[in-house]
Amino acid sequence: MQTFYNDIQIMEYTFSEIEKKQQQFWQENKIYQVDIDHSKPKFYVLDMFPYPSGAGLHVGHPLGYIASDIYSRFKRLTGFNVLHPMGFDAFGLPAEQYAVQTGQHPAITTDINIKRYKEQLGKLGFSYDPEREIRTSDPDYYKWTQWAFLKMFLHWYDNLSQKARPISELIVEFEKNGNTKVNAACTETPLFEAAVWNGMEDNEKEAVLMNYRIAYRAETKVNWCPALGTVLANDEVKDGVSERGGHPVIQKDMMQWQLRVTAYAKRLLTGLNELDWSDSLKEMQKNWIGHSEGAEVFFQIKNSETKIQVFTTRPDTIFGATFMVLAPESELTDKITEIEQTEEVDKYVTRAKNRTERERIADAENITGVFTGSYAINPFTQKEIPIWIADYVLSGYGTGAIMAVPAHDSRDYAFAKHFNIEIIPVVEGGDISETSYDAKKGKMINSGILNGLDVHDAVLKIIDEIETQNLGHRKVNYRLRDAIFSRQRYWGEPFPVYYKEDTAIPLKEEELPLTLPEINDYKPTETGEPPLGRASDWLYKNQYPFELSTMPGFAGSSAYYLRFMDSKNNQELVSKTANNYWQDVDLYIGGTEHAVGHLIYARFWNKFLYDLGYIVKDEPFKKLVNQGMIQGRSNFVYRIKDSSTFVTYNKRNQFEFSEIHTDVNIVHNDILDIEAFKQWRPEFSDAEFIFDDDGKYHCGYAVEKMSKSKYNVVNPDDIIARYGADTLRLYEMFLGPIEQSKPWDTNGIEGVYRFLNKFWRLFFNENETINLTDEKPSKDEQKIINTLIKKVSDDIEKFSFNTSVAAFMVCANDLSKLKCNKREILEKFLITLSPFAPHITEELWQLGGHNDSIFNEAFPEHNESFLIETTITYPVAFNGKTKFTVEVSVDLKNSEIEKIVLSDERTKSRLNGENPKKIIVVPGRMVNIVI
RNA sequence: GCUCGAGUGGUGAAAUGGUAGACACGAAGGACUUAAAAUCCUUUGGGCAGAAAUGCCUGUGCGGGUUCAAGUCCCGCCUCGAGUACCA
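Each residue of the first sequence is one higher than the last, beginning at -9 in the numbering used here.
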């Protein structure tokens, strides 16, 4: 007996040893290092790089990373030269908030967090090229963020050529023709002749040029977050509070750096057409850009030279315009308010200006407004119509003034009803006694020259009329705003800009990077300046002050995909050679939360660099996949009121109880681990329990956000320690379609773990030694493996990873039933599985006698000849309901199949001697008999 | 309000208009074991009939429609999720 154990060489699936060993093997042999290789087609797979938070990764974070890793490995095995890098979006608010609280330098915390992230990611066995890692907070990296900013500062956008051009060319034009012939994307600038330009002082010229620069500085209404002490971009504000931290945000006028993203609105919109992105994502971008076509029309004010310019998408309804509304912030307010109305108007305007965005939203149902006492002349009806001020008109959109057509706009309708203003219908088809008729359908009435026309034709005709009468012009408006680019913070890229008097002077390219100075406290200064105000030496040549704000979070993430192509280059952002080879991102994976922020800015940034000829692609991300969110699955225990007794889920209603979150890591299949629970928290150490009839304590559950406070966070490290990374990778994919959000439930993981163990055993015999034979595989074995290869290749291309995992399981089950140990079959299986489970497959590949990595092999191609069937099983349905099946030879004609089915006893008993009305035979599919 | 998704067993889910529930989890029963773990086998949408083999009915959020045939296509609703919100 004593020799029993010694004789057997136990070859268990020891995942932790295997994974450690193979990760080391890959690292030592630089398996994932990639370089330009013109003999192979390129493929660029990118994940949205993470912000390394202090909490580390939870099990939801790697979902997208696993998918992209599988795809990368698959592409590599099918002959592509795959670029698959990873880096860190390392500037950001949380590290700075922490610094404010603790005095710890954000660089230190960021370093610690990155280290932890790398450790966690490393355990998952991703195929990132370690040489290409970047961090946005590294001066060697942010040098190029500053460089791009300088380029934007030194360019303007020419609407005629739809392209960014150097400011120097604009100056030449100004010297020749003033700005009269320039059609630029710019801040509103009065027209001037060349002589005026040439007569200007330098600082006056600078002020004019600022209106044209793509990166420019201007006074603007900003979202100011007092709690964070900084401004935020529109997409960083949700429901009037900051997206990070949930602090209130107010509107405030401030001098800010901005990026003229709106110049690119049209191209950002049309560019979407060529992208392989989900419809919903494109829709979000379209809505955010907000293209609307219409006309700008001037309305003359009665007894005045002043005109009001409005933007409307419904110029066809102009005959129904019975009043006008200005935004409270409008500059015309003072000009047109009649004396007797001044007091009331002032009161209203002051109140509106003092209200926060949030109050305005909350108060949306309350209709408010004030009459100015003035009247405008409707240019088509010649009627006098009152001019009102109301906060339902926004100063930031269109011209900040509207012509109100109450019959055909619901907001105008509500306003007119409330203030008793005339409502004239001009489109037939709706009942306007209760609500307005907003639809763009029907015939025009009460509309002079438009009467009888269809809405669509009326729009075209009236715009022509407006233009010939010189009342206005056709116009396309966008909702998109320029991006505010300053943050009153320390932990971001410094602006490569200093000030002489009030004029901003850019650094020279050779002077980059401008690195962050050290400061001793990260709070704003006593005088309310940003933290950089504390740096005493923050002066250019010890003389001119540098900019005190830094760049926002999206700066560093706007061109990182380009940097990965050539991350070590200290001469250029990316070399021509590298960019020509890698071109663009073929597959980009990340969450929808970046749909309108990062993905708009990155596309803008890319288009700008494209205009300047630094890169070859107009769009950065060819295909984009949004992975779903992994939600938490919380567990509850039920404590009986005023006691330390906990009652099981089913019996809780017999008592008065309170529901308490319990740690999901001490619950298995909703059954509480009593001992672990007692130890979990001291106050539960003497807990007592009322069990269910099976003697167990059953917990309740709910799907919620994964968060610490709900005790439903699952750490990938724990899962890897227990089951291994390959199991985790497979399980995350097995959970369901990649785009779908789903709750994390560790319970199902046993299934894939069992599969990997079964897979492992396929390679060993009863004596636990590796056992592969070179015998010729049987037809059945060939069929099994070729079915798998076909299915998995198709599924990976469709991003249907969950069904691939199911196919692997079916294959392993089938092959173990046949006790297959043919090398030819099992090695194909290994390669097919390797993108999903890289460690176990690499290990078995080596145990099978190979020295080179499995990832230098080729993905097997399926052989159709093994999949051809000789018989087909036809379901036979009666009136569409399947009743039984018949197996027939594959080469039978329809009429022969029909004959076989009709002569079947089971058919006869159903027909009762009557003739069927119709028989449908779908070749290869099914038979349907209509009776 | 508008826009876009999604509703299928106890659970995660699968299904080019052609046998609904593949593959798993869980559960129940069994084999192996002194026992356990591991492994293997059987059953598992619901209902009805039968000793059983089996048979029948019903079933993909609800109501209609198209079709020989609908989870899948069309129309109308309901519910949930995401985005957006005085955008003229």
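The beta-carbon is built from N, C-alpha and C at its ideal position, and this holds for glycine as well.
Put simply, the backbone Cα of Val866 is about 45 Å away from that of Glu273. Within the region 666 to 734, the runs of beta strand (DSSP E) that reach at least 3 residues and sit entirely inside it are, in chain order, 678 to 680, 690 to 694.
DSSP, read as helix, strand or coil, puts Tyr34 in strand. About 11 Å separates the beta carbons of Gln110 and Asp708, which is beyond the 8 Å limit, so they are not a contact pair. Taken in chain order, the complete alpha helix (DSSP H) segments of 4 or more residues contained in the region 189 to 264 are 192 to 200, 255 to 260. Taken atom to atom, the span from the alpha-carbon of Met696 to that of Asn776 is near 40 Å.
Leu249 and Ala197 have their alpha carbons spaced roughly 16 Å apart. For the pair Tyr687 and Ile664, the CB atoms are nearer than the 8 Å cut-off. Comparing C-alpha distances from Glu740 to each of Asp653, His658, Ile862, Gly359 shows the shortest one belongs to His658. Between Leu271 and the set Trp835, Gln561, Val615, Arg642, the nearest pair of CA atoms involves Val615.
Met38 and Lys873 have their C-alpha atoms some 51 Å from each other. The Cβ atoms of Val575 and Tyr551 lie closer than 8 Å to each other. Secondary structure at Leu450: helix, using DSSP grouped into helix, strand and coil.
Within the same chain, and ignoring the five residues on either side of Glu374 in sequence, the residues whose Cβ sits closer than 7 Å to its Cβ are Lys292, Tyr365, Ile367. No residue range can be given for Gln573, since it is assigned to no alpha helix (DSSP H) and is classified by DSSP as neither H nor E. In this structure, Thr177 sits near Asn201, with a CB-CB distance shorter than 8 Å.
Comparing C-alpha distances from Phe485 to each of Ile456, Ser437, Ser539 shows the shortest one belongs to Ser539. Taking each of Asp894, Glu859, Phe116, Lys700 in turn and checking the Cα distance to Val880, the smallest one comes out for Glu859. Take the alpha-carbon of Ala397 and the one of Gly236: they are about 40 Å apart.
Contact holds between the region 484 to 502 and the region 136 to 150, because three or more Cβ pairs, one in each stretch, are under 8 Å apart. Per DSSP, Gly363 is one residue of the beta strand (DSSP E) stretching across 360 to 367. Residue range 52 to 67 is occupied by the alpha helix (DSSP H) that includes Ser58. Pairing Thr100 with Ser127 gives a Cβ-Cβ distance under 8 Å. Looking at the DSSP output, Ser879 shares a beta bridge with Thr861. Minimum Cα-Cα distance from Glu673 among the listed residues Ile680, Asn640, Thr635 corresponds to Thr635. Excluding five sequence positions before and after Pro216, the CB atoms of its chain that fall closer than 8 Å to its own CB belong to His237, Pro238, Ile240, given in chain order. In this structure Leu114 is in contact with Pro52, their Cβ atoms being roughly 6 Å apart against a cut-off of 8 Å. If you ignore the 5 residues before and after Val637, its C-beta comes within less than 7 Å of the C-beta of Tyr628, Ile630, Phe645, Phe647, Ile680, all in its own chain and listed in chain order. Residue Phe313 holds the alpha-carbon nearest to the alpha-carbon of Lys407 among Phe313, Val335, Thr389. Between Ile786 and Phe64, the gap from beta carbon to beta carbon is short of 8 Å.
For Glu295 and Asp454, the gap between their C-alpha atoms comes out near 25 Å. Excluding its 5 nearest sequence neighbours in each direction, Glu833 has C-beta neighbours in its own chain below 7 Å: Ile8, Gln12, listed in chain order.
Exposed is the label assigned to Met245, since fewer than 16 other Cβ atoms lie within 10 Å of its Cβ. By the neighbour-count definition (other C-beta atoms within 10 Å, threshold 16), Lys141 is a buried residue.
Contact annotation, Asp402 with Ala391: C-beta distance approximately 13 Å; criterion of less than 8 Å not satisfied.
Residue pairing for Ile760: DSSP places it in a beta bridge opposite Phe754.
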